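Colleague: The structure's right below; bear with me while I get my questions together.
Right under this line is the structure:
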């Protein structure tokens, strides 16, 4: 029988990290993700792990850098303004090709904003996590079960490709409670890290974790090699498809908005509108091929997101601006209502016919 436990989304992320073999967590409290730190503070000492509440978000990400350089699985979590403070460290991790898992449970912004759910950090996660040429793998759960499953996957991908993997959630998913099968993923892939620093003599060749390269040719060469590795990552882009086979209208949404969109799609189908959902599971790499293929038969698209319109740009680029793309959005911590999504679907259906 499945080993199911009723837990918050934030707690599921923390439990998944422990399941994945993370024994070193460095964090700083901020709403709406504080349950992750609280869970780690309770569980880590019992299993011989390290929980450290740092003096700041900046300190926490640099502790992650050190732990990763030593070859251990490590994680930090925060929410929107806290992730901004970590951006320098994220760039340093990328520059040194160090794996780590970062969790962002988004809240409204910009600035300090508010503590209600948001998706306005999409650009930051997928385009500008820090200075320089680099990407993070960005995974977007839509259920508490996925928050568990994708966190385990994030550790595996981070180690496999030697890069940062981010779980991009939102305040609603972080706080909602659902049954979670925590028996999944208990047998973890072990990746040898012969690049890691040991701090001891004569154990292996001397290694160096570094992102400083004063010779332009060397830095260019390293960046090119890094992006060759990113091309392999791009093959992992994926999305969930729901009722898309005959759809004239395609709704694109991730996270909590995808759940809201599904309800709206079911109601719109009852009205006779042929509509389906493409839900990106990877935000970077973005599932461009899925959308491009859908654009061959769909007449219009609707993007549902809790921002002023960020993911919509990736949708437009993916379909090469070949079809109308309507935005159904709320921002500042407001969550779209199913009725708003249905209205956008009706408008898109009408525009697609004209």
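In our numbering, the protein residues as written are 60 to 413. For each residue, glycine too, the CB sits at the ideal point set by N, CA and C. These numbers come from a predicted model, not from an experiment.
Are there 16 or more other CB atoms within 10 angstroms of the CB of residue 62, so buried, or fewer, so exposed?
Modeller: The residue in question, residue 62, is exposed, as its Cβ has fewer than 16 Cβ neighbours within 10 Å.
Colleague: Out of 113, 137, 323 and 295, which has the shortest C-alpha to C-alpha gap to residue 341?
Modeller: Ranking the options by Cα distance to residue 341, first place goes to 295.
Colleague: List the endpoints of the continuous beta strand (DSSP E) containing residue 394.
Modeller: Element bounds for residue 394: n/a, residue is neither H nor E.
Colleague: Just tell me which of 241, 208, 404 and 297 has its CA closest to the CA of residue 325.
Modeller: Looking at the Cα atoms, 404 is the closest of the given residues.
Colleague: For residue 257, is the classification buried or exposed, using 16 other Cβ atoms within 10 angstroms of its Cβ as the cut-off for buried?
Modeller: Classification for residue 257: exposed.
Colleague: Taking its Cβ as the centre, do 16 or more other Cβ atoms sit within 10 Å of residue 409, making it buried, or is it exposed?
Modeller: It counts as exposed.
Colleague: Between the C-alpha atoms of residue 185 and residue 369, what's the straight-line distance to the nearest angstrom?
Modeller: Taking the straight line joining both Cα atoms gives about 10 Å.
Colleague: Does the region 131 to 139 touch the region 312 to 328, meaning 3 or more C-beta pairs lie closer than 8 Å?
Modeller: Cβ pair count under 8 Å is below three, so no.
Colleague: Under a three-way DSSP split, which group does residue 60 fall into?
Modeller: Interpretation of residue 60 is limited by its pLDDT of 43, a score under 50 that renders its predicted location unreliable; the figure taken from the coordinates is listed afterwards. Note: residue 60 maps to coil in three-state DSSP.
Colleague: Decide if the region 82 to 90 is in contact with the region 112 to 132; the criterion is three or more beta carbon pairs, one per stretch, under 8 Å apart.
Modeller: The region 82 to 90 is in contact with the region 112 to 132.
Colleague: Write down the C-beta distance between residue 303 and residue 335 rounded to the nearest angstrom, noting that I regard them as a contact closer than 8 Å.
Modeller: Contact flag correct, Cβ pair sits at about 4 Å.
Colleague: Just to confirm the assignment, what range does the beta strand (DSSP E) spanning residue 240 have?
Modeller: 236 to 240 is the span of the beta strand (DSSP E), which, as asked, contains residue 240.
Colleague: For the candidate residues 102, 127, 88 and 353, whose alpha-carbon lies nearest to that of residue 114?
Modeller: Closest option to residue 114, Cα to Cα, is 88.
Colleague: Whole angstroms is fine: what's the gap from residue 46's alpha carbon to residue 320's?
Modeller: Because the chain in this structure spans residues 60 to 413, residue 46 falls outside the shown range and cannot be described.
Colleague: Which residue or residues does DSSP assign as beta-bridge partners of residue 166?
Modeller: Residue 166 pairs with 176.
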